[in-house]
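Chemist:
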Amino acid sequence: LTHSAHWIAQPDFRRAIADFLKRETPAVRDYARGLWEHSPYRDEVTLDAPALVGPA
9 LTHSAHWIAQ PDFRRAIADF LKRETPAVRD YARGLWEHSP YRDEVTLDAP
59 ALVGPA
């Protein structure tokens, strides 16, 4: 997963994006956890790493 930072000048669009991210982040986190359950790689990366947890 990746992180990026952007400034959205238009307040309504900024709120819409924030709402989408609030709802989408848990789904992406759950999907990533499911992938890790079937991964052939070692468990050196925790699922609580910032990239998988998202903004507070």
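Following the working numbering, the numbering of the sequence shown begins with 9 at its first residue and continues without gaps. Quick reminder that beta carbons are idealized off the backbone N, C-alpha and C, glycines included. None of the values given here were measured: they were computed from a predicted structure.
1. Given this structure, state the Cα-to-Cα distance separating A64 from T33, to the nearest angstrom.
2. Terminal residues of the continuous alpha helix (DSSP H) containing T10?
3. Specify the secondary structure class of A64 as computed by DSSP and reduced to three states.
4. What does a CB cutoff of less than 7 Å around I16 pick up in its chain, not counting 5 residues either side in sequence?
Modeler: In terms of the structure at hand:
1. Within the sequence shown, residue 64 is the residue found at index 56, counting from 1. Within the sequence shown, residue 33 is the residue found at index 25, counting from 1. Note that A64 has pLDDT 48, beneath the 50 cutoff, so the model's placement of it is unreliable and the number below is only indicative. If I take the Cα positions, the gap works out to 11 Å.
2. For the purposes of this step, residue 10 is identified with residue 2 of the sequence shown, where counting begins at 1. Neither: T10 is in no alpha helix (DSSP H) and is coded neither H nor E.
3. Residue numbering aside, residue 64 sits at position 56 when the sequence shown is read from its first letter. Caution is warranted here: a pLDDT of 48 is assigned to A64, below 50, making its placement in the model unreliable, and the coordinate value is therefore given only provisionally. In the three-state DSSP reduction, A64 falls in the coil class, being neither helix nor strand.
4. Translated into positions along the sequence shown, residue 16 becomes position 8. Closer than 7 Å at the Cβ level, and outside the excluded window around I16, lie R22 and I25.
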